[in-house]
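Student: Just dropping this structure here.
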Amino acid sequence: MKIKAITIILLTLLFMNGKAQENFELIVLGSGGGTDDGNLSGYLLSASDSDKYLCLDAGTLMHGLILATKAGHFNHLEKDTNTEELPAHVLHHHIDAYAISHTHLDHITGMLIAAPFDNEKKIFCSPKTADELMNYIFLSPLWANFTTEGKGAIGKWELKRMENKNWYKVPNNQLQIKSFDLCHSCPNTSSAFLVKNNNSYALYFGDTGADIIEGENKLNEIFNEIAPLIKKEELKAIFIEVSFPDSQKDQHLYGHLKPSLLESELEKLAAKVNSKEIDNALYGVKLFITHLKPNYSIENNSLPIITEEIMKMKHYGAEIIFPKQSEKHTF
Ligand SMILES: [Zn+2]
Ligand SMILES: [Zn+2]
């Protein structure tokens, strides 16, 4: 009887521990790096015990919500509406804000196309991204001004200009978000977003070049900030782009990464986390590889080449994941 009781306690502790390790839920609306307009960067991130999402980039939005609905990821919300209306219900009542890394079309198109149907939301972004959205889209003939500012403001979207490295609360949501500047073919910029749920973190990179190619220190600065979080096992996942295979010449990277450059950047991060045991320094981190640029040549299809090169590189203990559209992940 005593042994049975101890077993039950141990099993309960194990179960609770297993549960406690799942801090975030992720639904992939799109993960591609271009060409395929139905599968562009867009990720729904929530606390694992919540159905309130932050949308990280929105290259693909409604199409991704429809596919995620078909995959059953919103079945638990169906009581509030019927299946046909479920993607719209999620857009209106479960996506609390967007976080837009930069204004390239493959990161904003889904959001823009859904604008006439969307409801009031904040768009978290850098001041530069906000100004570009205003000047080149909302205050131009390209599209109506769906924001709350400037001429002809329809008043749906409030642009939240984030100061670099400051924490912001996502409205109606337990997540907090902080942004870091990135170089995306300098002087073009992009942002990385660190998202916090209690004492757990996930780091999402928008498009970025390597420090050595960009001649800047942006990734290094972020690594300084996240290395202590990895040491404390609080950083659960990193989303980072690898757009091209290693055969892509450095002068044709256009502010993107390739496998060998990711490996050298990871080495720098691993050294900051644990210089004595660098090979396993990133253990416990899920490394999501995003933004692979497809190339539709049968003989030279870049997707399997990039995947193979990534799998062959040093991972420093991180678990490599290639997120596919309409998948759900927890971490
Ligand atoms: Zn870009
Ligand atoms: Zn992109």
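Going from the sequence shown to our numbering is simple: count from 1 and add 66.
We treat Cβ as the ideally placed atom computed from N, Cα and C, and that holds for glycine.
Pull up the distance between the alpha-carbon of ALA276 and that of HIS322, whole angstroms please.
Tutor: Roughly 7 Å separates the two Cα atoms.
Student: Closer than 8 Å by C-beta to CYS252: which residues in its own chain qualify, once you throw out the five before and the five after it? Chain order, please.
Tutor: Closer than 8 Å at the Cβ level, and outside the excluded window around CYS252, lie GLY275, GLU280, GLY281, GLU282 and GLY321.
Student: Beta carbon of HIS318: closer than 6 Å to some heavy atom of ligand 1?
Tutor: It does not: the Cβ of HIS318 is nowhere closer than 6 Å to a heavy atom of ligand 1.
Student: Give a single yes or no on whether HIS395 has its beta carbon closer than 6 Å to a heavy atom of ligand 1.
Tutor: Every heavy atom of ligand 1 is 6 Å or more from the Cβ of HIS395, so no.
Student: Are there 16 or more other CB atoms within 10 angstroms of the CB of SER313, so buried, or fewer, so exposed?
Tutor: So SER313 ends up on the exposed side.
Student: Can you look up VAL261 in the DSSP assignment and give me helix, strand or coil?
Tutor: Residue state, collapsed to three classes: strand.
Student: Can you tell me the Cβ-Cβ gap for LEU301 and ILE288, rounded? I've got them flagged as a contact below 8 Å.
Tutor: Actually they are not in contact, since the Cβ atoms of LEU301 and ILE288 sit about 11 Å apart, beyond 8 Å.
Student: Here's the rule: buried if 16 or more other CB atoms are within 10 angstroms of the residue's CB, otherwise exposed. What is LYS85?
Tutor: Note that LYS85 scores 45 on pLDDT, short of 50, meaning its location in the model is unreliable; the coordinates nonetheless yield the value given after this. Label assigned to LYS85: exposed.
Student: Would you report the Cα separation of ASP115 and THR396, rounded to the nearest angstrom?
Tutor: Between ASP115 and THR396, the C-alpha separation is close to 11 Å.
Student: Do you know whose CA, among ALA134, LEU335, GLY99 and THR101, lies nearest GLU393's CA?
Tutor: If we check each option's Cα against that of GLU393, ALA134 comes out closest.
Student: PHE305 and PHE246 - do their beta-carbons sit closer together than 7 Å?
Tutor: No, the pair does not count as a contact, with Cβ atoms beyond the cut-off.
Student: Can you have a look at TRP223 and say buried or exposed, based on whether 16 or more other CB atoms are within 10 angstroms of its CB?
Tutor: Buried.
Student: So, under 8 Å CB-CB, GLY350 and GLU299 are touching, yes? Tell me the CB distance rounded to an integer number of Å.
Tutor: Right, the Cβ-Cβ distance comes to about 5 Å (below 8 Å), so this counts as a contact.
Student: State the Cα-Cα distance for the pair PRO182 and PRO311, rounded to the nearest angstrom.
Tutor: Rounded to whole angstroms, PRO182 to PRO311 spans 38 Å at the Cα level.
Student: Taking the alpha helix (DSSP H) that THR135 belongs to, which residues open and close that run?
Tutor: Start and end: 128–136.
Student: For ASN346, I'd like the list of residues in its chain whose CB is within less than 6 Å of its CB, leaving aside the five on either flank, ordered along the chain.
Tutor: Result list for ASN346: GLY383, in chain order.
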